[in-house]
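Working notes for the structure below.
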Amino acid sequence: MAPAAARRARLLAALAVAVVGLVVIWQLLAVLLPFLLSGAVAYLLLPLVNAAERRTPLGRRWPRATRMATAALLLLLIMLAILLVLLLGVLRIIDQSAALVERAPDLVAETQQIYHAVIAEYETRVPPNIREMIDPRLEEIKQALIEGLNQALVRLFQILQTGVGLVVSLVTVPIILFYLLAEPDGIGRGVRRLLPRSIRDDLCEIGRLSGESIGVYMRVQLLLGAMIGVITGIGLWIMGVPAAPVLAIIAFFGELVPIVGPTVSLVIAAVVVLVTDWTKAPLVIALYLILQALQNTLVAPRLQGQALGLHPLAVILALALFGLFLGFWGVLVAAPFAAAGYRVLSYVVQEWDAAENATALTEEPVPADPTGP
100 MAPAAARRAR LLAALAVAVV GLVVIWQLLA VLLPFLLSGA VAYLLLPLVN
150 AAERRTPLGR RWPRATRMAT AALLLLLIML AILLVLLLGV LRIIDQSAAL
200 VERAPDLVAE TQQIYHAVIA EYETRVPPNI REMIDPRLEE IKQALIEGLN
250 QALVRLFQIL QTGVGLVVSL VTVPIILFYL LAEPDGIGRG VRRLLPRSIR
300 DDLCEIGRLS GESIGVYMRV QLLLGAMIGV ITGIGLWIMG VPAAPVLAII
350 AFFGELVPIV GPTVSLVIAA VVVLVTDWTK APLVIALYLI LQALQNTLVA
400 PRLQGQALGL HPLAVILALA LFGLFLGFWG VLVAAPFAAA GYRVLSYVVQ
450 EWDAAENATA LTEEPVPADP TGP
């Protein structure tokens, strides 16, 4: 086989192996989720561990011990931060939920009073002949709202059931994260040895390009989460919502999970406002909806496009296609997968053309010496 043909065959083989590996990971996503989450966090924390190992006196003298100690310290700080957020947020939510349960009869009575007042005003001011045309439509809208609410509650219950299983599986994340931070080179060498030698370099390059795209996406999501958290906190503070800092933290973490995360943070904020001062509920809901509309249509596609090297329209198209074929998880990975696919295909095309150019250079005839022997 010609060198160019052999090189292209190796490229196609590496690309095929990468696609098969991606399909296997996708099918085993529920099992591999702790490993993937640990890998994402480790990617963000590895620069700190490497700096402690290479740039500190202790690291230069005892590199392995320093690395393990730094990894353990970072892991401890992360766990303490998570526990602190859970304590502040969960306890406040429990208190507010208990207060909501206590006030539920009063809220129901107030709602019924408002409803009957509106109906009485409607029957007084609207002529009977017009009500005959409007009433069937109002009944249809009422039934549609009831069905939509029931479906939303069923969906929320399903999400909560899935969340319990995820929490159980995520218990292993700290252990996996420690080993990824303490011994990344050993794990990388082990994985590299498992790859076929003929396509090992290409697969490693594909993995590196994909990892860089996913890392950039994670940094952008953290930036978006911080922006939404800060703006939400300031807006709620201006409105006088008592739990503004806690709700801002929930909005930050909710932004890291597209669609479901912002929805859950909106529901929690609505519950808190209904308990404390229900008159502010429309303003709070409007704040969340406006922020999400601006973030999903303008800010996120532009930031993700610039960071990932894609046009904002390409990001929006990827979100639509991945969501159509893969559902919620497709929306979650659409932007990084699209960026990774673009970079990998660019690499394949570049190497494909380089193989042809290299063959053309080797086959070019050497000009004869005009002076002769």
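Be aware that the sequence shown starts at 100, since it is given in the numbering used here, and climbs by one per residue. All residues carry an ideal CB built from backbone N, CA and C; glycine is no exception. Quick caveat: nothing in here was measured; it's all calculated off a predicted structure.
query                                                                                                         : result
Environment of PRO295 [buried if 16+ CB atoms lie within 10 Å]                                                : exposed
Short Cβ contact (8 Å threshold) for LEU355 with GLN320                                                       : yes
Residue range of the alpha helix (DSSP H) that includes SER297                                                : Per DSSP, SER297 belongs to no alpha helix (DSSP H) and is neither H nor E.
Cβ-based burial, THR223 [other Cβ within 10 Å; buried from 16]                                                : exposed
For ALA129 and LEU183, the rounded distance between their alpha carbons                                       : 27 Å
Every unbroken alpha helix (DSSP H) within the stretch 308-364, with a cutoff of 4 residues, ordered by chain : 343-354
With 16 other Cβ atoms within 10 Å as the buried cut-off, status of ASP234                                    : exposed
Within 8 Å, strictly: CB atoms of ARG442 and SER312                                                           : yes
Alpha-carbon spacing of LEU145 relative to LEU409, whole angstroms                                            : 26 Å
Start-to-end residues for the alpha helix (DSSP H) that takes in TRP125                                       : 102-126
Neighbourhood of VAL465 by C-beta, 7 Å cutoff - its chain only, sequence neighbours within 5 removed          : For VAL465, the predicted model reports a pLDDT of 47, less than 50, meaning its position is unreliable; a value from the coordinates is still stated below. So the list is empty, once near-sequence residues are dropped.
Rounded separation between LYS241 and ILE218 - CA only                                                        : 14 Å
Stretch-stretch touch, CB-based, cutoff 8 Å, three pairs: the stretch 322-342 with the stretch 374-384        : yes
Cβ contact check for the stretch 382-389 and the stretch 358-367: 3 or more pairs under 8 Å                   : yes
Three-way DSSP call (helix, strand, coil) for HIS410 in this model                                            : coil
Proximity test, Cβ basis, 8 Å: GLY310 and chain C                                                             : Annotation note: the requested chain C is absent from the structure, which comprises a single protein chain.
Endpoints, alpha helix (DSSP H) assigned at LEU280                                                            : 272-281
Opening and closing residue of the alpha helix (DSSP H) in which PRO381 lies                                  : 380-393
ALA392 versus ILE333 - alpha carbon distance                                                                  : 18 Å
Cα-Cα separation between GLU304 and LEU110, rounded to whole angstroms                                        : 11 Å
Alpha carbon of LEU132 to alpha carbon of LEU276, nearest angstrom                                            : 12 Å
Cβ distance (whole Å) where VAL353 is taken to contact PRO344 below 8 Å                                       : According to the sequence provided, residue 353 is Gly. The question's Val does not apply to it. Rounded, the Cβ-Cβ distance is 15 Å, inconsistent with contact.
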